[in-house]
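Adding 12 to a residue's 1-based position in the sequence shown gives its number in the numbering used here.
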Amino acid sequence: MNALNLLMLFLLLSVAGCGPDMPKKQTDVERLRLNGAVKSYLETIQRNSNYIRDTTEPVLKEVHREYLLFNTHGNITEKKSFKWNGEPHRIWMSIYDNDQNEIELIEIKPPHDTLKRWIRTYNAYEVESIEMKYPNDTLKRRIERYDANGNEVESLTYDHKDSLLSHTRVTFDGSNNKTAYIYIKSEKEKDPLLKVTYEYDNNGNRIKTTRHYADKSKAEWFTEYDSVGNEIEWRVYDRKGKLKRRDTYVYDENSNLLEERLFTSDNVLETMGVSEYDKEGREIKFTEYLYDSIRSSEIKEYDELGNVTITYLNRKGEPRSRTQIISEFDENENLIKELEYKNGKLIAIKEYKIEYYQ
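See below:
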């Protein structure tokens, strides 16, 4: 093999081995906003079915339980949901490749009845997902294609007979902003929506969204921003060009939302929310107005541990109820217990048992 052929072979192998510059994938631990090397996570919620009665004795009943098991990379390998009586309801088990791409997901009905499997195959610019009724009956097949920046630019979905159900394409500009979402074929047989287009300002803020329909009509959304990028106005026009909704927003110097105003299709102020904050940036009061009258108010008080008490006021400014939330965290600053009281009575206990890799 001469030098030219060797060079061509090297270039071909280099191109074949190159994949899109995918953004760093968020792990499940990060997605759940957990800290540390989490190994397992058990969430239980109990509610007091007796709190509305004239008694101080709580009657707690478990209404939710979920168990998560993570690998050392921070991704879920097992998820288990439970019935109200404590028996396992469903189990989902995930298998990953060396790059922590999920390549198989299995749904099990305890104790041993496998219901579904999802198989995923990853290539340089393409991911294929197959949903199967166990063991090998294909229900759906999906292909996702990506550009060199890791953006999904095309998606195709097929039914169990491998007939095309839907086909979409997405385009991006040179700044990696999405510019159009195009419906080539939709699962809805008579879907009138053809595509959605997007426009941006020089700072990359999305300022216009247009929904294009088969009858050549269009609906438009406009967004305006202040000098630091806070959204200050949002307007929606229907397919006849008539104003459907208008919202405006006012912020303080720390970008905390001070006022939110919602207008009717006739551009008449309908509702308004006004917030106040403490020096730590925590909301301490929220007042909702309906037209010109106060509809309700909330006053929030925080203790030195960050626990919050919320007093709800009626339109006359009189207290109508009070909620207190007491939280407990572990050494990794993960929430492990939350007590909720209403008018002094315990109504819910949320507990999070977390095990860590050593």
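Where a beta carbon is used, it is the ideal one built from N, C-alpha and C, also for glycine.
No experiment lies behind these values; they were computed from the predicted model shown.
| Asked | Found |
| --- | --- |
| N-terminal and C-terminal residue of the alpha helix (DSSP H) that D238 is part of | It is not in any alpha helix (DSSP H) - D238 carries neither H nor E in the DSSP assignment. |
| Range covered by the alpha helix (DSSP H) that runs through D40 | 40-43 |
| As assigned by DSSP and simplified to three states, the class of L25 | Because the pLDDT at L25 is just 36, under 50, the model does not fix this residue reliably, and the point stays unresolved. |
| Helix, strand or coil at N346 [DSSP, three-state] | coil |
| CB contact flag (I366, L54, <9 Å) | yes |
| Spatially closest choice to T89 from S141, L72, G98, I118, by CA coordinates | I118 |
| Sub-9 Å separation of F184 and V208 beta-carbons | no |
| Element boundaries [beta strand (DSSP E), containing R307] | 305-314 |
| R327 and I296 closer than 9 Å at C-beta | no |
| Three-state secondary structure assigned by DSSP to R334 | strand |
| Opening and closing residue of the beta strand (DSSP E) in which E55 lies | 50-60 |
| Candidates R257, E282, E288, of which the one nearest L269 by Cα | E288 |
| Candidates E343, L358, Q370, N346, of which the one nearest T335 by Cα | L358 |
| Assigned secondary structure, N161 (DSSP; H/G/I helix, E/B strand, else coil) | coil |
| T323 versus D315: straight-line alpha-carbon distance, rounded | 14 Å |
| C-alpha gap between L127 and Y212, whole angstroms | 45 Å |
| Beta-carbon proximity check, K92 vs E78, cutoff 9 Å | yes |
| Per-residue DSSP class, three states only, for R327 | coil |
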